[in-house]
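Down below is the structure, laid out as structure tokens.
Laid out in structure tokens, this is it:
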């Protein structure tokens, strides 16, 4: 199965190019791509659902706010987002349901420590499908 994101090389950081047929799919795939660096998403059960609402001045800011809010759930609440149902994306607002579970050290083995999604080289574009180029601070 082809992944809906591609890992890109970046000095001292990591990045992805996420793809999607719609903005909702693009934002969900960007989340999956970011979490891919942290943990094997197959180890995360959909035990609990959380609603996420973020706002920003533009699409790029919305993407950064969305991804960083997922990191807040993980680092601040020990909740691992495992699946992403992005219901609405406008130019300034995103609404999504995130399913996952609380961290269980006996089952969850973390890889990298992603600190934040950044604005460095951030691009969202559309030709036949949507693309987002995102660099993460690790």
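In the numbering used here, the protein residues as written are 13 to 150.
Positions of the beta carbon are idealized from the N, C-alpha and C atoms, including for glycine.
Note that this is a predicted model, so its numbers are computed, not measured.
| query | result |
| --- | --- |
| Mapping DSSP to helix, strand and coil, what is residue 18? | strand |
| When the Cβ atoms of the region 140-150 are set against those of the region 90-103, are three or more pairs found closer than 8 Å? | no |
| Can the beta-carbon of residue 58 be found closer than 9 Å to that of residue 17? | no |
| Under the rule that 16 or more other beta-carbon atoms within 10 Å means buried, what is residue 36, buried or exposed? | buried |
| Does residue 77 come within less than 9 Å of chain D when only Cβ atoms are used? | Of the protein chains in this structure there is only one, and it is not chain D. |
| Spatial neighbours of residue 53 within its chain, please: C-beta separation below 7 Å, excluding the five flanking residues on both sides. | 44, 47 and 94 |
| Can you check DSSP and say which residues form a bridge with residue 66? | 106 |
| So, residue 115 versus residue 49, is the Cβ gap smaller than 9 Å? | no |
| Short of 8 Å in beta carbon distance, which residues of its chain neighbour residue 80, apart from the five on each side in sequence? Order them along the chain. | 128 and 129 |
| Just reading off the alpha helix (DSSP H) that residue 39 is part of, what are its end residues? | 35-50 |
| Over the uninterrupted alpha helix (DSSP H) stretch that includes residue 90, give me the two end residues. | Run containing residue 90: none; DSSP gives neither H nor E here. |
| Near residue 124, which residues of its chain fall below 8 Å by C-beta distance, leaving aside the five closest residues on each side in sequence? | 26, 49, 50 and 150 |
| Is residue 61 near residue 103, with beta carbons less than 9 Å apart? | no |
| List the endpoints of the continuous beta strand (DSSP E) containing residue 149. | 142-149 |
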